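Heads up, the thing below is written out as structure tokens.
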Amino acid sequence: MDHRIQLVSIVGAAGLLLFVLEMVRRRRLLERYALLWLFSAIVLLGLAVWRDGLARLASAVGIAYPPNALFFVAFAFVLLLLLHFSAAVSRLADQTKVLAQRLALLEERLEEAETREDGATIGAAPRAAAAAQRLDDDVIEPVGAPRARRR
Amino acid sequence: MRPDLRHVAVVPAYNEAATVGDVVRRIHADAPEWDVVVVDDGSTDSTADIAKAAGARVLRLPFNLGIGGAVQAGFTFAREHGYDVMAQVDGDGQHDPAELSKLVDYMRTHPELDVVCGSRFLLSGGDHRYPAPISRRTGIHIFAFLLSRFVRQPISDPTSGFRIYNRRAIRLFATDYPHDYPEVEAILMLHHHRLRMEEIPVRMYARGGGVSSISSGKSAYYMVKVLLALFVGLFRRRPLPEPGGSAPVAAETGF
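Going line by line, the protein sequences match chains D and Y. Positions 1 to 151 (this note's numbering) are the ones given, in order, by the first sequence. Positions 1 to 255 (this note's numbering) are the ones given, in order, by the second sequence.
Spelled out as structure tokens, the structure:
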């Protein structure tokens with residue numbers, strides 16, 4: 001293998017590894033989503049450093065030029081990650097649906113209770129608006145971003 | 001109609017300001033024993049206010065979930081408020097609330113049924129002048145053909161949203177109801193959970209206004225999506241039913 005492409009591969013894989021680690025450290029990336037990225041980066045780095053292993057892998061799957069095997073592995077990981085994220089998005093969409101339904105049920109129940117309390121519908125609307133205002137005013141810290149870790 | 005049963009009609013509505021008030025008033029007039037809950041599926045018009053003014057209780061979804069998510073909110077509402085019978089009535093005026101009593105009477109005389117579904121294709125004597133483009137009717141008939149084989153009973157109108165559900169069906173669907181376009185898949189789910197469902201003829205009308213959730217551009221997507229859901233649904237793992245027990249439920253609540 002050409003030394004330049006090996007150097008580029010090592011720098012690329014190491015850079016990816018460090019970048020993922022840094023994102024986890026800054027809490028930009030949840031550990032459970034980082035694991036697959038870390039695994040990919042480590043395998044790619046290993047293959048970039050260990051030329052013999054890459055050559056053996058290439059001949060095993062019938063790739064004439066070993067660096068192409070590196071792209072092959074990288075592409076396989078990208079596909080895996082995309083599928084992983086599609087699954088994550090599906091789960092989030094399902095959770096969001098349940099949350100939206102619960103919110104609608106709770107709001108209706110609250111409105112009913114307030115209407116009954118006031119004896120008129122008039123009270124409910126301004127109160128809901130005031131509640132919305134309060135939410136806007138609150139400065140909400142991002143979850144899992146304690147200041148101590150940022151220093 | 002048994003006076004001791006509590007009935008709720010759930011009306012899913014997305015930007016149906018033109019018709020939803022009328023639908024609510026007609027249910028109150030023609031089926032007075034039914035409580036009415038309009039599920040406003042994130043409408044951008046005044047659907048929710050009009051429904052409220054017409055005397056319905058209104059669940060306002062914070063954003064559009066699609067018909068499946070909206071109706072499931074109705075199932076959850078019915079379960080939590082202890083209703084015995086829930087009906088689904090479209091907010092666009094396609095369904096005639098006066099026919100709710102037909103559905104309920106049929107369920108009362110057939111106590112083994114969990115769901116009674118109104119079918120526009122069962123009307124006798126060429127009376128089904130159902131106004132729909134031929135492409136949509138073809139799609140419906142394809143679903144009907146497939147479903148009839150899957151569930152081993154004749155299904156003529158699998159996309160009908162004019163249905164009533166008993167407590168078992170309410171409990172099942174409050175826990176697990178299909179996304180997006182649920183009517184066809186719901187029939188398969190009932191079959192998997194050993195719940196009984198039958199169709200009876202009803203009349204359906206053209207939309208009174210608003211836009212169908214299935215526009216012509218989307219109908220191909222709709223076909224493919226539902227077919228995928230059907231075939232996947234055939235192989236999906238469902239909990240085993242307990243003999244003679246209440247409806248087993250997928251209980252995918254733990255995520």
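All residues carry an ideal CB built from backbone N, CA and C; glycine is no exception. Predicted, not measured: the structure shown is a model, and the values here were computed from it.
What in chain Y is Cβ-close to residue i, meaning under 9 Å?
i, result
"Leu-83(D)", "Going along chain Y, no residue has its Cβ under 9 Å from Leu-83(D), so there is no contact; the nearest lies around 16 Å."
"Glu-105(D)", "One point to set straight first is that residue 105(D) is Leu, not Glu, in the sequence displayed. Within 9 Å Cβ-Cβ: Leu-59, Ala-73, Thr-76, Phe-77 and Glu-80."
"Glu-114(D)", "Those within 9 Å of Glu-114(D) in chain Y number zero; the least Cβ separation is about 14 Å."
Run the CB neighbour count on residue i, radius 10 Å, all protein chains shown included, and call it buried at 16 or more, exposed below.
i, result
"Thr-76(Y)", "buried"
"Asn-68(D)", "exposed"
"Ile-134(Y)", "exposed"
"Arg-195(Y)", "The amino acid at residue 195(Y) is misidentified as Arg; the sequence shows Leu. It is buried - the Cβ of Leu-195(Y) has at least 16 other Cβ atoms within 10 Å."
"Thr-44(Y)", "exposed"
"Glu-99(Y)", "buried"
"Phe-235(Y)", "exposed"
"Ser-124(Y)", "exposed"
"Gly-82(Y)", "exposed"
"His-7(Y)", "buried"
"Gly-55(Y)", "exposed"
"Ala-48(Y)", "buried"
"Ser-90(D)", "exposed"
"Gly-139(Y)", "buried"
"Pro-12(Y)", "buried"
"Glu-111(D)", "buried"
"Phe-19(D)", "exposed"
"Ser-59(D)", "exposed"
So what's residue i in DSSP terms, helix, strand or just coil?
i, result
"Val-24(D)", "helix"
"Arg-194(Y)", "coil"
"His-28(Y)", "helix"
"Glu-16(Y)", "coil"
"Trp-37(D)", "helix"
"Tyr-221(Y)", "helix"
"Ala-51(Y)", "helix"
"Arg-4(D)", "helix"
"Ile-187(Y)", "helix"
"His-7(Y)", "strand"
"Gly-118(Y)", "strand"
"Asp-35(Y)", "strand"
"Arg-152(Y)", "coil"
Which residues in chain D sit within 9 Å of residue i, going by Cβ to Cβ distance?
i, result
"Phe-63(Y)", "Thr-96 and Ala-100"
Thinking residue i and residue j are a contact (beta carbons under 8 Å), I'd like their distance in whole angstroms, please.
i, j, result
"Tyr-177(Y)", "Val-71(Y)", "7 Å"
"Glu-185(Y)", "Gly-233(Y)", "6 Å"
"Val-49(D)", "Ile-10(D)", "6 Å"
"Gln-101(D)", "Ala-144(Y)", "Not a contact, Cβ separation roughly 30 Å."
"Glu-80(Y)", "Leu-105(D)", "7 Å"
"Ser-148(Y)", "Phe-121(Y)", "Incorrect: roughly 12 Å between the Cβ atoms, too far for contact."
"Asp-41(Y)", "Leu-5(Y)", "Incorrect: roughly 27 Å between the Cβ atoms, too far for contact."
"Ser-219(Y)", "Arg-136(Y)", "6 Å"
"Glu-108(D)", "Leu-59(Y)", "5 Å"
Give me the residue from the options with the minimum Cα distance to residue i.
i, options, result
"Leu-61(Y)", "Val-39(Y), Ile-50(Y) and Ile-67(Y)", "Val-39(Y)"
"Ala-113(D)", "Arg-57(Y), Arg-137(Y), Tyr-222(Y) and Ala-51(Y)", "Arg-57(Y)"
"Trp-155(D)", "Glu-107(D), Gly-53(D), Leu-80(D) and Arg-116(D)", "It is not possible to answer for residue 155(D), since the shown part of chain D is limited to 1 through 151."
"Ile-187(Y)", "Asp-30(Y), Ala-31(Y) and Leu-113(Y)", "Leu-113(Y)"
"Glu-258(Y)", "Arg-168(Y), Gly-93(Y) and Gly-68(Y)", "Only positions 1 to 255 of chain Y appear in this structure, which leaves residue 258(Y) out of reach."
"Val-151(Y)", "His-192(Y), Ala-87(Y) and Met-107(Y)", "His-192(Y)"
"Gly-21(Y)", "Glu-80(Y), Leu-228(Y), Gly-82(Y) and Val-89(Y)", "Val-89(Y)"
"Leu-30(D)", "Ala-74(D), Glu-108(D) and Phe-85(D)", "Phe-85(D)"
"Glu-199(Y)", "Gly-55(Y), Tyr-165(Y) and Leu-172(Y)", "Tyr-165(Y)"
"Met-86(Y)", "Gly-69(Y), Val-104(Y) and His-95(Y)", "Val-104(Y)"
"Ser-101(Y)", "Ser-156(Y), Gly-69(Y), Val-202(Y) and Val-226(Y)", "Val-202(Y)"
"Leu-190(Y)", "Tyr-83(Y), His-28(Y), Arg-168(Y) and Val-10(Y)", "Arg-168(Y)"
"Asp-94(D)", "Gly-68(Y), Met-107(Y) and Phe-162(Y)", "Gly-68(Y)"
"Ala-55(D)", "Phe-39(D), Val-73(D) and Ala-41(D)", "Val-73(D)"
In chain D, which residues lie with their C-beta within 8 Å of the C-beta of residue i?
i, result
"Gly-55(Y)", "The contacting residues do not exist; Gly-55(Y) stays about 12 Å from chain D at best."
"Gly-69(Y)", "Lys-97, Ala-100 and Gln-101"
Output, in chain order, the set of chain Y residues within a Cβ distance shorter than 7 Å of residue i.
i, result
"Glu-117(D)", "The premise fails here: Glu-117(D) is roughly 17 Å from chain Y at the closest Cβ pair, so nothing lies under 7 Å."
"Glu-108(D)", "Arg-57, Val-58 and Leu-59"
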